[in-house]
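In this note's numbering, the protein residues as written are 1 to 376.
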């Protein structure tokens with residue numbers, strides 16, 4: 001038996017819709033692009049005709065795009081590029097950001113061009129090639145997780161393909177001068193973490209930021225911690241110590257795994273033995289806090305018996321023998337930050353503009369069992 005080939009369905013054109021509802025082809029074109037100048041009745045008639053006839057806007061998009069580009073116009077592709085570190089899928093922190101971004105883009109009916117960049121932060125001159133979809137100008141805007149230095153390099157590369165004065169970019173969690181961003185209130189987060197330990201009675205705290213300690217996120221947290229000291233009549237210089245260099249740059253901080261070296265000789269253990277006045281520790285994130293607790297267990301120290309420990313982000317649990325998360329941490333609303341970034345980006349795209357707006361979302365201290373008053 002021979003199969004009978006189905007007759008191809010005729011492509012519905014703008015002319016067909018115009019004839020069906022009795023308006024001009026130009027009116028159909030403008031209405032389907034969302035032009036606000038037409039009456040609700042006209043919009044309803046055109047949309048109903050398009051639905052009835054089975055019009056697929058994608059069949060006309062490529063041709064319309066060429067025509068509008070030839071006239072110097074801007075075409076809405078409903079496609080956003082998202083730039084995250086290549087390991088984002090393995091880290092709960094980035095996975096939550098991505099979840100928020102992807103859910104919001106789906107809600108807005110936008111596609112996503114994922115740009116997981118690998119290793120270029122150590123050698124910025126080796127920034128990988130930008131994919132043709134991006135270099136051809138087919139992306140409406142960009143969401144990126146980049147600190148200021150790396151953002152400057154990225155913007156320079158993009159400027160070869162886009163007019164950055166008209167190409168919306170929203171940065172996640174990092175404030176980049178001249179660009180839009182969605183941030184966490186890290187100063188309030190640092191304040192809440194330090195205030196919690198100080199109010200428990202701790203009077204010597206150790207802050208462990210990333211390797212350089214110079215990111216704007218670390219600076220905001222540090223400002224909050226110092227303010228918490230001053231508000232309690234304490235000298236920040238005498239109350240808050242900082243040791244970033246010995247604890248590395250990578251994320252998550254696998255260098256803190258006690259299996260990798262003799263725990264008793266670890267720089268953090270040596271530092272704490274040299275500074276017995278320290279009783280409270282502020283880790284740069286939950287992953288670091290978990291490894292610090294593991295390191296302490298190897299040398300016979302307990303949390304919170306010997307040291308109270310505060311994480312940050314509230315994404316990676318520190319579990320006790322019963323499987324309960326005991327880690328006191330500052331919660332960062334990562335999914336909401338991703339969603340807000342999309343809301344901001346699509347608003348800028350719709351307005352055909354850019355912005356240097358910084359939206360700051362609140363953090364929250366979540367107190368669990370890794371903190372307690374210091375031993376007498």
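Beta carbons: idealized from backbone N, C-alpha and C, even for Gly.
In the structure shown, residue 162 adopts coil according to DSSP, grouped into three states.
For residue 180, the uninterrupted beta strand (DSSP E) run begins and ends at 180-184, by DSSP. The alpha-carbon separation between residue 150 and residue 13 amounts to approximately 46 Å.
Rounded to whole angstroms, the separation of the alpha carbons of residue 168 and residue 368 is 40 Å. A distance of 8 Å or more separates the beta carbons of residue 187 and residue 233. Here the alpha carbons of residue 142 and residue 172 stand approximately 11 Å from one another. At the C-beta level, residue 97 and residue 145 come within 8 Å of one another.
For the beta strand (DSSP E) assignment, the uninterrupted runs of no fewer than 3 residues enclosed by the region 276-342 are, from N- to C-terminal side, 280-283, 308-313 and 328-331.
With 16 or more neighbouring CB atoms inside 10 Å of its own CB, residue 280 falls in the buried class.
Taking all protein chains in view, the Cβ of residue 209 is crowded by 16 or more other Cβ atoms within 10 Å, so the residue is classified as buried. Annotation for residue 98: the continuous alpha helix (DSSP H) segment containing it runs 92-107.
Straight through space, the alpha carbons of residue 363 and residue 335 are spaced by roughly 12 Å. Residue 236 carries a helical assignment under DSSP once its states are collapsed to helix, strand and coil. DSSP, read as helix, strand or coil, puts residue 372 in coil. Ranking 134, 39, 53 and 75 by CA distance to the CA of residue 81 puts 134 first. Per DSSP, residue 80 lies in no alpha helix (DSSP H) segment; the continuous beta strand (DSSP E) that holds it begins and ends at 79-85. Around the beta carbon of residue 27, a 10 Å sphere encloses 16 or more other beta carbons of the protein chains shown; the residue is thus reported as buried. Secondary structure at residue 202: coil, using DSSP grouped into helix, strand and coil.
The DSSP-derived three-state label of residue 207 is strand.
A contact is defined here as three or more CB-CB pairs under 8 Å, and the region 174-190 meets this definition with respect to the region 341-352. Taking one beta carbon from each stretch, the region 299-313 and the region 186-201 have 3 or more pairs nearer than 8 Å; the two touch.
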